[in-house]
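Below: one structure, written as structure tokens.
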Amino acid sequence: MHPPIADFLGSTACEEVTDAEEEAFLLFSLAIPTTNLGFVDSRASSLDVTISGNEYTVHQSPTLLSSSRAGGTTGAVLWKITPRFAEWISSPTNPLWTHSLLSSRSVVAELGCGISALVALALAPSVQHYLATDQEYVRRVFRTNLDTNASVTSAGSASGQQKGSKTRGSSRSTSKGKQPSRTASNITFTTLDWELDQPELLKECIESQSSGHAGEDEGGEEEDPGFDLLLSCDCIYNEALVAPFVRTCADICRLRPAYEPSSEETSQSSLQPTVCIVAQQQRAPEVFETWLRETLREFRVWRLSDEVLGDGLQGGTGYLVHLLLAREKS
1 MHPPIADFLG
11 STACEEVTDA
21 EEEAFLLFSL
31 AIPTTNLGFV
41 DSRASSLDVT
51 ISGNEYTVHQ
61 SPTLLSSSRA
71 GGTTGAVLWK
81 ITPRFAEWIS
91 SPTNPLWTHS
101 LLSSRSVVAE
111 LGCGISALVA
121 LALAPSVQHY
131 LATDQEYVRR
141 VFRTNLDTNA
151 SVTSAGSASG
161 QQKGSKTRGS
171 SRSTSKGKQP
181 SRTASNITFT
191 TLDWELDQPE
201 LLKECIESQS
211 SGHAGEDEGG
221 EEEDPGFDLL
231 LSCDCIYNEA
241 LVAPFVRTCA
251 DICRLRPAYE
261 PSSEETSQSS
271 LQPTVCIVAQ
281 QQRAPEVFET
291 WLRETLREFR
301 VWRLSDEVLG
311 DGLQGGTGYL
321 VHLLLAREKS
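No gaps in the numbering here: position 278 of the sequence shown is 278 in full-length UniProt numbering, and each next residue is one more.
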């Protein structure tokens, strides 16, 4: 029997990418909508967002965005790709779900989550645990958004229907929905410096409620320091960030066995490789090409097809989604 990842890669859901220059030329030769930097509204103190029929209020920090803080402030506001990606990744029609690469037992990590918490809020009700990471300045507003949206139900993600995400400015903050959700209880935020911190320690941040799946050897199962899914949504916009970003992705993915097609049916490990999904807005082709060239050294890369991305993320929208599987470390 083929493992789930082999079935997925053998489907029409993706196309392998082997040449960074060729991929950059192909993608950036398409007409791309003008979206400027990609903020939803960098001046609003809060925004109302609809994802899969659920209403969220997202608090922002325009003051922090415009500050001169060292280390960057781009995570202080909501970016346009985030609601679209949250809608797609949490949909039960997503091929990661239909090919059993994601399940209710999955442990997910996100790099550069930003303040909105939208991807965590949309996906966490359907998985065992969600670990969101970013710089320390994100923590307070991220927690505020978790608390504000604690009563949002997960009915939209259970319906299996993609309804399109919407955003609008809001002058006040209110919780939406009437039924309690377990969302916030299985979301953890921790800081992660791509250049200084040790990814192998990430699972120690997860609460004890998921410890059985997060690495303890219970019932004869092998110890698992890794994650089922690693997500990144719009973290690639500066060439200086590319090398530490790619290295961090590789270090996290290598906490699990690498993907080796020749041994996929004979592997002694019960752990599936960590699937890494990188979504990004199309901005500078040279930055994208730099990222992809660096990534191909550490990963095999597949571009997800329009068929599975849907209207919100397909080619021509100005957004890109690639799937990465770590190579064996040389």
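All C-beta atoms, glycine included, are put in the ideal place defined by N, C-alpha and C.
Leaving out the 5 sequence neighbours to the left and right, which residues in its chain are closer than 7 Å to residue i when beta-carbon positions are compared?
| i | result |
| --- | --- |
| residue 318 | 32, 33, 35, 281 and 282 |
| residue 187 | 120, 124, 130, 132 and 146 |
| residue 295 | 246, 301 and 324 |
| residue 200 | 225 and 255 |
If distances are taken between C-alpha atoms only, which option among the options comes closest to residue i?
| i | options | result |
| --- | --- | --- |
| residue 63 | 53, 19 and 41 | 41 |
| residue 274 | 308, 116, 230 and 284 | 230 |
| residue 76 | 139, 111 and 10 | 139 |
| residue 113 | 83, 304, 303 and 128 | 83 |
| residue 141 | 312, 185 and 57 | 57 |
| residue 189 | 148, 127, 111 and 98 | 111 |
| residue 195 | 107, 95, 144 and 240 | 240 |
| residue 25 | 310, 307 and 290 | 290 |
| residue 23 | 226, 310, 307 and 288 | 288 |
| residue 286 | 199, 6, 236 and 118 | 236 |
| residue 39 | 91, 3, 60 and 7 | 60 |
| residue 223 | 270, 312 and 96 | 270 |
| residue 310 | 7, 91, 4 and 137 | 91 |
| residue 96 | 232, 312, 115 and 4 | 4 |
| residue 98 | 28, 13 and 48 | 13 |
| residue 297 | 9, 10 and 20 | 20 |
| residue 232 | 284, 312, 320 and 205 | 320 |
| residue 137 | 204, 115 and 312 | 115 |
| residue 243 | 292, 47, 100 and 261 | 292 |
| residue 48 | 206, 27 and 148 | 148 |
CB-CB under 8 Å to residue i, same chain, minus the five flanking residues each way: which ones, in chain order?
| i | result |
| --- | --- |
| residue 30 | 315 and 316 |
| residue 337 | Residue 337 is absent from the structure shown; the chain starts at 1 and stops at 330. |
| residue 305 | 12, 13, 14 and 15 |
| residue 248 | 111, 192, 194 and 199 |
| residue 266 | In this prediction, residue 266 scores a pLDDT of 47, lower than 50, which makes its location untrustworthy; the coordinate-derived value is nonetheless stated afterwards. Excluding residues within five positions, none has a Cβ falling inside 8 Å. |
Residues in the same chain with beta-carbon distance under 6 Å from residue i, minus the five sequence neighbours each way, listed in chain order, please.
| i | result |
| --- | --- |
| residue 324 | 276, 299 and 301 |
| residue 409 | Nothing can be reported for residue 409: it is not among the residues displayed for the chain, which extend from 1 to 330. |
| residue 326 | 250, 253, 254, 258 and 299 |
| residue 15 | 303 |
| residue 227 | 107, 109 and 274 |
| residue 117 | 142, 145 and 146 |
| residue 322 | 278, 301 and 303 |
| residue 17 | 23, 301 and 303 |
| residue 234 | 79, 81, 280 and 281 |
| residue 122 | 51, 86 and 90 |
| residue 192 | 133 |
Check the DSSP bridge columns for residue i and list the partner residues they point to.
| i | result |
| --- | --- |
| residue 54 | 51 |
| residue 231 | 110 and 277 |
| residue 16 | 302 |
| residue 187 | 130 |
How about the stretch 125 to 136 and the stretch 252 to 259: do they share at least three Cβ pairs that are nearer than 8 Å? no
Length at least 3, wholly inside the stretch 70 to 121: the beta strand (DSSP E) runs in chain order: Restricted to the stretch 70 to 121, the beta strand (DSSP E) segments that are unbroken, complete and at least 3 residues in length are 107 to 111, listed in chain order.
Which residue spans inside the stretch 259 to 327 form an unbroken alpha helix (DSSP H) run of at least 4? 285 to 298 and 306 to 309
Below 8 Å, can you find three or more Cβ-Cβ pairs linking the stretch 87 to 106 to the stretch 44 to 52? yes
Could you pull out every unbroken beta strand (DSSP E) segment of at least 3 residues lying fully inside the stretch 121 to 154, listed in chain order? With a minimum length of 3 residues, the continuous beta strand (DSSP E) runs that stay inside the stretch 121 to 154 are 129 to 134.
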